[in-house]
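Asker:
There are 4 protein chains.
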Amino acid sequence: MSWNTFGRVLRFTTWGESHGAALGAVVDGCPPGLAISEEFIQPFMDARKPGTSRFTTQRREDDLVRILSGVFEGTTTGTPISLMIENTDQRSKDYSAIAQQYRPGHADYAYDAKYGIRDYRGGGRSSARETAARVAAGAVARLVIPEVTITAYVCELGGDRIDPANIDYSEIANNPFFCPDAAAAKRWEEKVDAARKAGSSLGAIVECVATGVPAGWGAPIYAKLDSDLAAAMMSINAVKGVEIGDGFEAARLTGEENADRMRPGEDGKPIYLANHAGGTAGGISTGQPVVCRVAFKPTSSILTPVESINSAGEAVEVVTKGRHDPCVGIRGTPVVEAMMALVLADHKLLHRGQMG
Amino acid sequence: MSWNTFGRVLRFTTWGESHGAALGAVVDGCPPGLAISEEFIQPFMDARKPGTSRFTTQRREDDLVRILSGVFEGTTTGTPISLMIENTDQRSKDYSAIAQQYRPGHADYAYDAKYGIRDYRGGGRSSARETAARVAAGAVARLVIPEVTITAYVCELGGDRIDPANIDYSEIANNPFFCPDAAAAKRWEEKVDAARKAGSSLGAIVECVATGVPAGWGAPIYAKLDSDLAAAMMSINAVKGVEIGDGFEAARLTGEENADRMRPGEDGKPIYLANHAGGTAGGISTGQPVVCRVAFKPTSSILTPVESINSAGEAVEVVTKGRHDPCVGIRGTPVVEAMMALVLADHKLLHRGQMG
Amino acid sequence: MSWNTFGRVLRFTTWGESHGAALGAVVDGCPPGLAISEEFIQPFMDARKPGTSRFTTQRREDDLVRILSGVFEGTTTGTPISLMIENTDQRSKDYSAIAQQYRPGHADYAYDAKYGIRDYRGGGRSSARETAARVAAGAVARLVIPEVTITAYVCELGGDRIDPANIDYSEIANNPFFCPDAAAAKRWEEKVDAARKAGSSLGAIVECVATGVPAGWGAPIYAKLDSDLAAAMMSINAVKGVEIGDGFEAARLTGEENADRMRPGEDGKPIYLANHAGGTAGGISTGQPVVCRVAFKPTSSILTPVESINSAGEAVEVVTKGRHDPCVGIRGTPVVEAMMALVLADHKLLHRGQMG
Amino acid sequence: MSWNTFGRVLRFTTWGESHGAALGAVVDGCPPGLAISEEFIQPFMDARKPGTSRFTTQRREDDLVRILSGVFEGTTTGTPISLMIENTDQRSKDYSAIAQQYRPGHADYAYDAKYGIRDYRGGGRSSARETAARVAAGAVARLVIPEVTITAYVCELGGDRIDPANIDYSEIANNPFFCPDAAAAKRWEEKVDAARKAGSSLGAIVECVATGVPAGWGAPIYAKLDSDLAAAMMSINAVKGVEIGDGFEAARLTGEENADRMRPGEDGKPIYLANHAGGTAGGISTGQPVVCRVAFKPTSSILTPVESINSAGEAVEVVTKGRHDPCVGIRGTPVVEAMMALVLADHKLLHRGQMG
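Residue numbers (UniProt numbering), protein chains in the order written: chain C, 1 to 356; chain L, 1 to 356; chain U, 1 to 356; chain S, 1 to 356.
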C-alpha cells in the first residue's frame, strides 16, 4: 500500500515523481495565526537544491515553492497548506536505457515486484527528489516550534569523521558539505572529487541536534520521540541506520557510565551532567538537547558497471548515467533537519492536546 | 499524548503497568480462520519471562496468557483478539523509597514533567514489563505470515561480539543469552555475573533475521519497511539505535562495495550476490532476508549510588533496589522477534489490500 | 477488515463477544489528573444494563466494570485505561438451533460472507452487548468535558412521538423508557407490552442534547463535528439514520426559515434566535446546544417465524428464541449519550492541540 | 484541528479555498495498473460544475482537472495521485462587504471562534467549492470498483417528492436537477425559479443507490459501511441528515415488517424479498443494493436581509450578494456519488487486505 502521509496531529502528505510535472506537500493541522510566505520557505529549499556545487548532482532545479492554500494575507489560517514545486530540468531520455534494467541498490526491482509497473524516469516516486517536498513542509513545522533551534551537519563522510573538538556551527554554511569542522571539510573536497571522478560514490553520517525542546514532549508507548524520529529518518532515501543519543555506543557502556546524572537547577528543573540518552527518557523529552544520528549509504547510481538483471530476468551490466550526487548524505542534511522539525512540531501539538 | 496502538491494518494496542492488576494487548485486523490457542502463545511468553536464570531479574511471573475474545472454537474469527496477562509477583514496597526520586536513565522525571503524575511502582507504564503484551501480540502476528521464519539473537554483549563464523542457530536455545555462538555465551556468563555482582549493568546488540519474505512488501514513502521496523524497534524499552542491513557500516562503503549485485534466478527472480541493504530497496522487500540490528543501552536500574534530584528539585543519591535485569538486551531478544513479526504481518496485509 | 478503534486523539478500542468470557474497552489519550473510580463508572453501566424491567431483555448481567490500568491512587495517569466487564449470564445453548441459520436483519449472513466463520452465540461480535464497553469508555470521556451536560431520551417509540411541550428532563429517570414525557411513557408501556406478547418488536428514535459546548470544537473538513457524530451514532447496533439539528426537516425549509439569526450577547458572543443547525456550522460548534437524533430499527430478533436460508443455502424458517429487547432503542439511549461524550471529548482535545 | 484526509486504506486529502489560486486532492493507496486520464475525470467534474443552468450559481468555472503525479503513460502506478483544479472566476470583491459580518447558517462565526482568523472570500475553506476536489478523487475511486454502479438523484426538493413509481434513471441527465421523475423536474423548475427570484433558497434530499456491491464489504465495529457512509455524507457542505435503507422510517416498522426475508438463490447466495436495511447488516454489505439518503439544508446565502452580528459583536443586517446556488442539494448530487464511490473503494481494499 502506498502511504504518503506522516504525522499524527500535524500531518503532511507528499506527492510527485522525479520527472513528473511537479511535486508537493499538503501540510494539515498547522495552527492558525503564523506569519508565513514563500520567501520564508525558499532558503530551506535552496539549502537542499541540486546543482549548487560540483559535489552535488548537476541537475539544475530552482525548486521554487508556491503556496496554493491555507494562507490568507500572509498568515496561516489553520486549513491545509498546499505547497507545490514544479520540475523544470527533467531529462527523461537519460533513463530510457535503463527502463528495463534493475539497478542494484535502487528500488527498481522492488517496485516492479510490488506494483508490476513503475515510472522509471529518475527513479520515479522512489527518487530523493521527493525530499524537496519534505523540506518545504519542514519549513512550515519550524514556525510551530519557535522555541526550538535545529542544527544538522555531516559528521562523517566516506568513513572520515570530524573531530568533535573542532565543531563550529558557524562553519556549516562555509563549505559545500554542511561540515562544522573546517579541517574535515578540506579533506572531504578531495575525497568526494576522487569518488566523482572514479564514477564511484560515498556514504555519510548526519548528526542533528535540537535545543530548546522542553521536557514532556513525546508519547508513550508507540509514539515515543525516539520511535517517531527513527521512523522519520529511516523514511529518507538511502538511510540505513538511526541512533538517538549515544545509540550503538550506549550498548558498550556500563550502567554507571551511561547514567545521565542530574543536579538541582532552577525551578526544580535538573541540570544534567551528561546526555548519553540524547534528550529523551521513556520516549519523552527531558529538557536536554535532542540528538540523533543518521547513516546514509553511498549513492546507488554509479558509473562503474555493475552486474544485474533486467525485467525479463536476463543478465545485464548496468551503468547509471543520469546526473547524480556522489554522496547523497550531503544534500540529505537539510532533509534530516526538516524531519526533526516535523516530528517535534507534531509532538508539541500532541502534548498540548492531552495536557492543555 | 498517550499513543498505545501500533500498526496500520493489523493493529495492536497494549495497556497495563508494571505493578497493576494485569496487562494486555488487543490485536485488531487479524484475518479469520487461523488456528490459535493459549498453548500456542505461551512458549513465546516463556522465552521472554523473567526469573528463568540468574542472568535475568528475579521477579517471578508465570506470564500466563488468556485469550478473552476474537477466537471461537480454536480459530480466529476476524474480530479483535484480547490477550491478558495477570501480574502476580509485584512487590510494590520495593519502590516506596524512590517514589519521589528521579532515577537517571529512567523515565521518572520525563513522565512527571509531562503528566504531573506517575505510577512509580516498578516504572509503571514505562516498565519493560509492557513488552510481555507485545510478545503475546507477536505470536498472533506469526500466524499471519507462516511463510516467514524469524530468528533473533544477541550478537554483542557488553562490547563483546560474537564471531560471525561461529553462528549456529541451534545454539540460541542452549544458553541463557539467546547467543548463537557457544564460545561467546561462555564468555558472557562471566561478564554478566561480574556486572551483577558489582551492582552494575551491561548493554547489548540484538540482530534479527527474517527469511521467506517475498519481494514486494513495504509501503512507500512513509511506511517503508525500514521506517516501520525502525519505529517498532525504537519503541522497545532501552533501545537507542536501529540498523537495517549494514546500517552505519554502509556509510563507510563505496557505491561499488555496497551494490547488491543480481544474477538471473528462477522465475525471473534475482539471485543476489550480497545483502548489504538488509532485504529492502526503496523501503520494499527484495526477496532477500530482512535484517535489522537493535542497540540496547545498559539497564538503568543499578545498585551503584548515582547523583540525582527528587520531585522537590533537591539533590539525592539514588540506589535502585528492586529486582532487575543486569542486561535488558537479553530478554529484549524475544521482543525484537515479536516486533519484526508484527511489522511484517501488517505489511503483508497492506500489500494484499492494494494489490489483490 | 476489523476496525475496533474510534477517535482521533482520545481513542478507544473495544473487544469482546456476546457470549465470550468478557468484553472491554481500552481508552487511550485520556488526560492525566482526573479523579476516577469503578464507582463513578458503574451508574452509567447500570442505566444500560439488561434485565431491569420487563421492557428489556431478561438476560441478567451485573455489568460490573473493573479498571485494570491507567489509574493510580484514584487518578488517571495519562496512560491507557483498560476497562473489563465479565459476562456472567450467557446461555449459549439457546443459540445452537440457529448456528447454521441466517436470521433476517441480523449480521449472520454478512459475517459468514465476509469471514467464512462466525461466533454465532448471541450474535458474537455483532451483538449489542458490545455497547457495554462503549458506555464504560463514555464515562471516562465525560471526565474530560466537565463543562458539558449531555442528555439523551427516547422521543419516539413505535411511531408514537412525545409532545415537545411535555418534555421534562426530570421524568427521564422515572420510567423504563428514558422518556421525558410522562404521558407518552404511559402509552408506551402498553405498546411495548403488546409487541413483546406478540413476539414482535418496535423501533425508536433517540434525541441527544449537549449543552455547554463552547464555540470552536470540530475539525474541518473530514472531522466535522457532524461527521464524527454521524459515524459514532451509525456505528451503534440497529441504527439506520442520524440527524443533526433539524436534519431531514431542514431540507423542507426555505433559507429564511432555516437561518439561525444572531443578536449581540455578552463578550461579543451571539445570542441565537433559533437552533435549526443543531449547534454546528461548517462542522464546528457555535456555542449552541449540540443536538442529534438517532433512528433505531426494531429489534431483528423476533419470535414470529420468518422465511430465510441456512448456511447450506437451503430454505428455513427462523424463530429467534434467546432473550431479547422488544425495542433496542430504549437501551440504546445511554449508548447514544456515551458516543456523544466520546466525540465531544475527542474534539476538545483536538481543538486544544491545534490552538493551544 | 484541521483534518482534511478521509479513508483508511484508499485515503484522499483535499486542500484549497474558494477564492485561492487552486484547489485539489491527493489520492493515496490507489492500486496500480488502472487506465486513467484527465479526460476520464472531466465529465464527473462537469456534472458538478457551476454555471450550467439558471438553477445553479452563475460563477463560471471550467473546473479543468490536471493530474500532477501517480500516473505514468496513462496508467496508475500505485503512488499518490495529485489532482489540481485552478480557480479562474473568483470575484473576491463581492465579499468585502461581509468580511466582518457573520452570515447566519454559514461557518463564519464558528471559524472565527475556532481559529481567530478566516479567509472570508467566498467562505474560504468552508465553501462547497471544496467538493470539486472530492468529485475528482471520486472519479479515481470508481476505477477501483468497476463491479459497482452508482446512481444518485434528487428525490425531494423544497419538500416536493418524486413519485417512486415514476423513477426512470435515464431521465436524470435530461433536466438540471438530477431528477429521475420527469414530472417532478417540471414542477421543480417553477419552484426553484420562484425561490431564486425571491432571493430565497430551498433544501433537497438526495438518494444514492450502489448496485453490484458483493456481500462482505464493511468493517465492524467502527468502520461499518453505514458508519463510514454517514461520516462521508455528513462531511458534505449543508448536509444535516443521513439515512441508510429505510432510515428513520425503519423506526416506525415492526420487527416483522422490517425483516428482509431471504430465499435460496444461486451459489448459496440469498434472494432478498425486501431491502429495508439498505444493503448492509451489522455494517457489512449483504449483496443487495447499498442505499442511502442525504438531507441538504437550503443554501444559507440568501438575498433576504437577515439579523446577525459582526466580528465586533455588534448587530448588523446581512445580505449575501455573491453568486449562489438557490438549492445546493442539486449540485450536491455528484458529490454524494463521489463519496459513495470513495467509501466503497476503500472498503473493497480493506476487505481484500484482511481476507486475501
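Virtual Cβ for every residue (Gly too), placed ideally from N, Cα, C.
Could you tell me how far apart the beta carbons of residue 283 of chain U and residue 226 of chain U are, in whole angstroms, since I believe they sit closer than 8 angstroms?
Answerer: Confirmed, Cβ separation roughly 6 angstroms.
Asker: Taking a Cβ distance cut-off of 9 angstroms, strictly less, list which residues of the segment 67-92 of chain U are near chain L, in chain order.
Answerer: Answer set for the segment 67-92 of chain U: 67, 68, 69, 70, 71, 72, 73, 75, 76, 77, 78, 79, 80, 81, 82, 84.
Asker: Can you tell me whether residue 258 of chain S is helix, strand or coil according to DSSP?
Answerer: Here residue 258 of chain S sits in helix by DSSP.
Asker: Looking at chain L, which residues of the segment 253-272 of chain C have a Cβ within less than 7 angstroms of any of its Cβ atoms?
Answerer: Cβ contacts with chain L: 253, 254, 255, 256, 258, 259, 260, 261, 262, 263, 264, 268, 270.
Asker: Taking C-beta to C-beta, are residue 299 of chain S and residue 327 of chain S nearer than 8 angstroms?
Answerer: In this structure, residue 327 of chain S lies closer than 8 angstroms to residue 299 of chain S by Cβ.
Asker: Answer yes or no: does any C-beta atom of chain L fall closer than 8 angstroms to that of residue 140 of chain S?
Answerer: No - not a single Cβ of chain L is within 8 angstroms of the one on residue 140 of chain S.
Asker: Can you check whether the CB of residue 321 of chain S is closer than 8 angstroms to the CB of residue 258 of chain U?
Answerer: For residue 258 of chain U and residue 321 of chain S, no; Cβs fall outside 8 angstroms.
Asker: Determine, using beta carbons only, whether residue 293 of chain C comes closer than 8 angstroms to chain U.
Answerer: With 8 angstroms as the cut-off, residue 293 of chain C does not count as an interface residue toward chain U.
Asker: I'd like to know whether the C-beta of residue 59 of chain S is nearer than 8 angstroms to at least one C-beta of chain C.
Answerer: Output row for residue 59 of chain S: interface = no.
Asker: Any Cβ of chain C within less than 8 angstroms of the Cβ of residue 333 of chain L?
Answerer: Taking Cβ atoms only, chain C never reaches closer than 8 angstroms to residue 333 of chain L, which makes this a no.
Asker: Using the beta-carbon of each residue, which ones in chain U are nearer than 7 angstroms to residue 219 of chain L?
Answerer: Those do not exist, as residue 219 of chain L stays about 15 angstroms from chain U at its closest Cβ, beyond 7 angstroms.
Asker: To the nearest whole angstrom, what separates the beta carbons of residue 80 of chain L and residue 2 of chain U, a pair I think is in contact under 8 angstroms?
Answerer: That pair is a contact at about 6 angstroms.
Asker: Let me check one thing: in DSSP terms, what residues is residue 263 of chain U bridge-paired to?
Answerer: Note: residue 263 of chain U sits in a beta bridge opposite U/271.
Asker: Using the three-state DSSP reduction, which class does residue 23 of chain S fall into: helix, strand or coil?
Answerer: In this structure, residue 23 of chain S counts as strand in the three-state DSSP scheme.
Asker: Answer yes or no: do residue 67 of chain C and residue 38 of chain C have a C-beta to C-beta separation smaller than 8 angstroms?
Answerer: Result yes, Cβ atoms of residue 67 of chain C and residue 38 of chain C sit closer than 8 angstroms.
Asker: Strictly below 7 angstroms CB to CB, what residues from chain L border residue 111 of chain C?
Answerer: The answer, in chain order, is 282, 284.
Asker: Run down chain C in chain order and give the residues with a C-beta less than 9 angstroms from the C-beta of residue 23 of chain S.
Answerer: 68, 69, 82, listed in chain order.
Asker: Residue 240 of chain L and residue 205 of chain C - do their beta-carbons sit closer together than 8 angstroms?
Answerer: Not a contact, by the Cβ cut-off of 8 angstroms.
Asker: From residue 268 of chain L to residue 170 of chain C, what does the alpha carbon distance come to, in whole angstroms?
Answerer: Answer to the nearest angstrom: the Cα atoms are 53 angstroms apart.
Asker: Any C-beta of chain S sitting closer than 8 angstroms to the C-beta of residue 9 of chain L?
Answerer: Yes, because at least one Cβ of chain S sits closer than 8 angstroms to the Cβ of residue 9 of chain L.
Asker: Have a look at residue 164 of chain U and residue 290 of chain S and give me their C-alpha separation to the nearest angstrom.
Answerer: Spanning the two alpha carbons is a distance of roughly 34 angstroms.
Asker: For the structure I just gave you, are there three or more beta carbon pairs, one from the segment 11-23 of chain U and one from the segment 14-29 of chain C, closer than 8 angstroms?
Answerer: Short answer: they don't touch.
Asker: Excluding the five sequence neighbours on either side, which residues of its own chain have a C-beta within less than 7 angstroms of the C-beta of residue 187 of chain L, listed in chain order?
Answerer: Closer than 7 angstroms at the Cβ level, and outside the excluded window around residue 187 of chain L, lie 160.
Asker: Which residues of the segment 121-153 of chain L have a Cβ closer than 9 angstroms to any Cβ of chain S? Give them in chain order.
Answerer: Cβ contacts with chain S come from no residue of the segment 121-153 of chain L.
Asker: Using 8 angstroms as the limit for Cβ to Cβ distance, is residue 2 of chain C near chain S?
Answerer: With 8 angstroms as the cut-off, residue 2 of chain C counts as an interface residue toward chain S.
Asker: If you compare alpha carbons, which of C/75, C/255, C/102 is closest to residue 106 of chain L?
Answerer: Selected option, being the one with the closest Cα: C/255.
Asker: Could you tell me which of C/294, C/178, C/306 sits nearest to residue 231 of chain C, measuring between CA atoms?
Answerer: That would be C/294, whose Cα lies nearest to the Cα of residue 231 of chain C.
Asker: Run through the segment 87-171 of chain C for me and flag every whole alpha helix (DSSP H) of 4 or more residues, listed as ranges in chain order.
Answerer: The qualifying runs are 108-115, 131-144.
Asker: Going by the beta-carbon positions, is the gap between residue 208 of chain S and residue 150 of chain S smaller than 8 angstroms?
Answerer: Going by C-beta atoms, residue 208 of chain S is nearer than 8 angstroms to residue 150 of chain S.
Asker: Please report the residue range of the alpha helix (DSSP H) in which residue 330 of chain C lies.
Answerer: Taken as a continuous stretch (DSSP letters only), the alpha helix (DSSP H) holding residue 330 of chain C covers 328-355.
Asker: Quick one: using the 10 Å Cβ neighbour count with 16 as the cut-off for buried, is residue 266 of chain U buried or exposed?
Answerer: Its Cβ having fewer than 16 others within 10 Å, residue 266 of chain U is exposed.
Asker: So residue 276 of chain C and residue 251 of chain C are supposed to be a Cβ contact under 8 angstroms. How far apart are they, rounded?
Answerer: Not a contact, Cβ separation roughly 11 angstroms.
Asker: List the whole-angstrom C-beta distance separating residue 115 of chain U from residue 211 of chain L, where the pair is believed to meet the contact cut-off of C-beta under 8 angstroms.
Answerer: 30 angstroms between Cβ atoms; not a contact.
Asker: Apart from the five residues on each side of it in sequence, which residues of its chain come closer than 8 angstroms, Cβ to Cβ, to residue 74 of chain L?
Answerer: The answer, listed in chain order, is 35, 36, 37.
Asker: By the DSSP assignment, the alpha helix (DSSP H) with residue 196 of chain S in it spans what residues?
Answerer: It spans 182-197 - the alpha helix (DSSP H) in which residue 196 of chain S sits, taken as one unbroken run.
Asker: Any beta-carbon of chain U closer than 8 angstroms to the one on residue 17 of chain L?
Answerer: Interface residue, yes.
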